[in-house]
Each structure stands twice: as C-alpha cells, then as structure tokens.
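Residue 21 is where the sequence shown starts when you use this note's numbering, and the numbers rise one by one after that. Note that beta-carbon positions come from the ideal geometry of N, C-alpha and C, so glycine has one too. For clarity, every value in this text was computed on a predicted model and none was experimentally measured.
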Amino acid sequence: MNVFIPGRADECIFFSLFNFDLIMRTIFHLDLDSFFVSVERILNPSLIGKPVIVGADPQYGRGVVAACSYESRKFGVHSGMPIKQAYQLCPKGIYINGSHGEYGKYSKSVKRILENYAPLIEQASVDEFYMDFTGTKNIYGSMYMLAVKIQKEIEAKLLLPSSIGIGSNKTIAKICSDYAKPKGVTYIIPGMEKEFLSPLPIETIPGVGKKTLPDLHLKGIYKIGDITKLSEDYLIAAFGKYGSSLWRKANGEGSEYLNPPTERKSVSKERTYGKDENNRAEAEHTLFKLTGQVCQLIRNKNWQTSTISIKLRYSDFVTLTRAKTIKPTDDDKIIFETAVKLLRKADTRRVSIRLIGIHLTNFNEFTEQEEIFENDEVKRKKMFRAVTKIRDKFGYSSIQLGGILTNKRNVDAHYFGMR
Numbered sequence: 021m022n023v024f025i026p027g028r029a030d031e032c033i034f035f036s037l038f039n040f041d042l043i044m045r046t047i048f049h050l051d052l053d054s055f056f057v058s059v060e061r062i063l064n065p066s067l068i069g070k071p072v073i074v075g076a077d078p079q080y081g082r083g084v085v086a087a088c089s090y091e092s093r094k095f096g097v098h099s100g101m102p103i104k105q106a107y108q109l110c111p112k113g114i115y116i117n118g119s120h121g122e123y124g125k126y127s128k129s130v131k132r133i134l135e136n137y138a139p140l141i142e143q144a145s146v147d148e149f150y151m152d153f154t155g156t157k158n159i160y161g162s163m164y165m166l167a168v169k170i171q172k173e174i175e176a177k178l179l180l181p182s183s184i185g186i187g188s189n190k191t192i193a194k195i196c197s198d199y200a201k202p203k204g205v206t207y208i209i210p211g212m213e214k215e216f217l218s219p220l221p222i223e224t225i226p227g228v229g230k231k232t233l234p235d236l237h238l239k240g241i242y243k244i245g246d247i248t249k250l251s252e253d254y255l256i257a258a259f260g261k262y263g264s265s266l267w268r269k270a271n272g273e274g275s276e277y278l279n280p281p282t283e284r285k286s287v288s289k290e291r292t293y294g295k296d297e298n299n300r301a302e303a304e305h306t307l308f309k310l311t312g313q314v315c316q317l318i319r320n321k322n323w324q325t326s327t328i329s330i331k332l333r334y335s336d337f338v339t340l341t342r343a344k345t346i347k348p349t350d351d352d353k354i355i356f357e358t359a360v361k362l363l364r365k366a367d368t369r370r371v372s373i374r375l376i377g378i379h380l381t382n383f384n385e386f387t388e389q390e391e392i393f394e395n396d397e398v399k400r401k402k403m404f405r406a407v408t409k410i411r412d413k414f415g416y417s418s419i420q421l422g423g424i425l426t427n428k429r430n431v432d433a434h435y436f437g438m439r
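1. In this structure, what does DSSP give as the bridge partners for G187?
2. Give me the Cα-Cα distance between L67 and G75, rounded to the nearest whole angstrom.
3. I need the straight-line Cα distance from L317 to L363, nearest angstrom please.
4. Considering only the beta carbon of each residue, do C448 and S54 sit closer than 9 Å?
5. Thinking C-beta only, is S188 closer than 9 Å to I208?
6. Do L255 and S264 have their C-beta atoms within less than 9 Å of each other?
7. Would you give the residue range spanned by the alpha helix (DSSP H) that R342 belongs to?
8. Use the C-beta contact count for E135: other C-beta atoms within 10 angstroms, 16 or more gives buried, fewer gives exposed.
9. Indicate the three-state DSSP secondary structure (helix, strand or coil) for K203 in the structure shown.
10. Could you pull out every residue in the same chain whose Cβ sits closer than 7 Å to the Cβ of K194, ignoring the five residues on either side in sequence?
11. Could you tell me if S329 is buried or exposed, where buried requires 16 or more neighbouring beta carbons within 10 angstroms of its beta carbon?
12. Which residues in the same chain have their Cβ closer than 7 Å to the Cβ of L178, if we skip the five residues on either side of it in sequence?
13. Less than 9 Å separating the beta-carbons of A366 and T341?
14. Looking at chain E, is there any beta carbon in it that lies within less than 9 Å of the beta carbon of T224?
15. Can you tell me whether DSSP reads V57 as helix, strand or coil?
16. Can you give the Cα-Cα distance for E175 and T46, rounded to whole angstroms?
17. Sorted by chain position, which residues of the same chain lie with C-beta nearer than 7 Å to M101's C-beta, five sequence neighbours on each side aside?
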C-alpha cells in the first residue's frame, strides 16, 4: 500500500509497507477551510476572491473576527482578533455579521457525508470532525486516496473546501490538517511523528496560546523539537500538569480514541448590542426573539425544559444571572413569561444594557398525549410545532410571532395575540 511521510498532499514521498493500517490506529481530522467565509461565498458568489471578515460591523468597534478569508490574512487579520483592530489592518475588507443559521445547516450536511464513510465520528466543532478508520484497509485501501475522495465529494456536493490530516492519534491528525491548509492532505505514518513535529513552531501544538508562548520562549523553547530534548519532569516542574501534556504532545502522543457523540445538556442564545441599550422594552423584545430561537432548538430535539435562566450584562460589565425551575415545557409563551419576570426582577440598575441572554437546562423528552379539551395551551402547542416545521424548511426568519412590546405588563396581548 502507499504510506506517506511528512508533507503536503502534492509533495508526498511513498513507502511500501505490508498491512500497516491493520495494526496501527488511523485517525482523520477534517477541517473545513475558512468555513464561515466559504458559506458566505456560497450564498453570495461576488465575495469570491475578496478580503472577507466574518464577525461584526467595525463601525461599532465591538466583537471579534470569527473567520477571515485568506485574502484578508495577507493584511495580518486572523480569527479571534478584535474587529476594530482588523479594520485598521484591512479597511477595504468586506465585513459581515454572519449567516449563523446557514453554518449549522452546512455543518450537518458535511456530517451526513462523513457518516457514509467513517465507522466512528467525533464532531469537535461546527467545522471540525475526527474520524476513526482503524482496520478499514480491506474496505478502503489507501487512506490518502480515501481522504481525497471525501474532500472531492464535500466540495462537489456542498462547494466547501477542506483539509484533512491523518495520523495515529487525534493530536497528530489535527496538526496535520493545519499543516495541509488550504485544501491539502497530510498523512504521517506511525513512528515518524517526532521527525515531522521537530522543526515546527511550538505554537503548532494545540493548546499553546498567547499566554503560554512567552513563558516557553523565556526557557529557550521555540520549536517542538526543543521540548523533546527536555525531560517530562523538568516541564512538570516548570508548568505543572500542563507541562506533562506538552511533553507528550511534542513526542507525538495523544488520544487514540474518539469521544462518542452526546446530547448537549443546555441550550442558550445571547445577543451583545452593537450600541448599549437603554430602552428596557427593546431589551424585552430581544429576549422574546431569543426565546423563540431556543424553543425552536428544543422542539427539534423533542425536549421540554424545566429550568430557565437569564443573563444580563450592563455597560460597565457587571453581569447578573437569575434562574427558575418550572414544570417541563417547550411552550414559547410560558418560557418567555418566566424569563421576562426573571429579567424584570434582576434589572434594578439604571445602567445601559450590553448583553442579554436566555439559557435552558434540565430537559425531559416530550411525550405526545391525546388532549380531550383543546384549551389555549393546547392550541399554542399545535401552533408552535407547525411554526417549527415551517422554520425548519424555509429558515427561522420565514415566519415571525407577535410584535414589539408597547405595554410592559401585557405580555400575552403584544407577543402572542392572546388575552
């Protein structure tokens, strides 16, 4: 079979080994290249080839860069950078708030494609997937050709570019996918991890960030190979448990097993205002819209929530949270009424609001029961489930409920058209 040593997919050197895949673990890490930007370009092809920054409107000077195109990176823009700083570096860039609902849809479509290939998948984030192909040589043959096939199918069906790293564990696979960008494949055969890693910058290791980097540099550690020359005990003495993890990763070690998918234990939505909000009615209207979004999510999971929390952050960054446990429900009206009461009780300061959010926890699976009497709650339940189906098919914004609250105390009349 063909096995590849360090290098981009188009620079690989070939070795011939007997049944190598059958005895060693084979982990793929697929990273969707500039995922948010790629989706925005699918939605608006005029953005292709232009410096695109997804995150926020720079005129307000808030927020961070969620994603940026390779064209914008030439100016020094990178993910996680304050949007104001990005604008200073790239004033002619195209700044987009982001089509976050679309990102989730495309991510699910990618996962459906991967499920046709991989026996086991771990979704690390909206644009990252681990796959375990250990022992599948008799099915797929060359792992490199399998990676290329997966890439081509995703790009052909969804127009999304991706990079894939292949290694004996998750750490190596992730480093390989970063090394392969853009649109490449890197396969490191087991036993050659240290040789591959040695010349790479220390910040290549997942988990090494801006806070740790200066401390490493002070100790003369600039490349991954510098760590392999040190003992694990030395790094533990210098950095504690983190030092042990760093030493193992630098020596090519990492988790060989994927984490099975689990249902998330909470659902939340927040909004940070571009300009601090003084109008409490507007804040409640924001909470109403956020409530609709989280209720849509839990109905799609067939869940009912028992605990509702709200989060309130003022312009001076003082943050308050309040929570209440109620009878399990997925009813927008009941959840919003509970949330808005919590908000009014918590909001005792005459200070502008910077952020507002809602958080749902303690879920039960919804069981459909026959209703003998069709009261208002039953009617709403049917209405909300119909609304959920419409939004799933045509998008969340395809149908809206209620209007702007004009009477603070008349929630039913203004938001649900019921008295």
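On the basis of the data shown:
1. Per DSSP, I47.
2. For L67 and G75, the gap between their C-alpha atoms comes out near 15 Å.
3. So the alpha carbons of these two residues sit roughly 22 Å apart.
4. Any question about residue 448 goes unanswered here, given that the chain covers just 21 to 439.
5. Yes.
6. Yes, these two residues count as a Cβ contact at 9 Å.
7. Bounds of any alpha helix (DSSP H) do not take in R342; it lies within the beta strand (DSSP E) bounded by T339 to T349.
8. Around the beta-carbon of E135, fewer than 16 other beta-carbon atoms lie within 10 Å, marking it exposed.
9. Under the three-state reduction of DSSP output, K203 falls in the coil class, being neither helix nor strand.
10. Cβ neighbours of K194 beyond the five flanking positions: H49, G185 and P226.
11. Its Cβ being crowded by 16 or more others within 10 Å, S329 is buried.
12. Y126, S129 and V130.
13. Yes.
14. In the structure shown, chain E cannot be found, because there is only a single protein chain.
15. The three-state reading of DSSP puts V57 in helix, counting H, G and I together.
16. Straight-line spacing of the CA atoms in E175 and T46 works out to 23 Å.
17. Closer than 7 Å at the Cβ level, and outside the excluded window around M101, lie V84 and V85.
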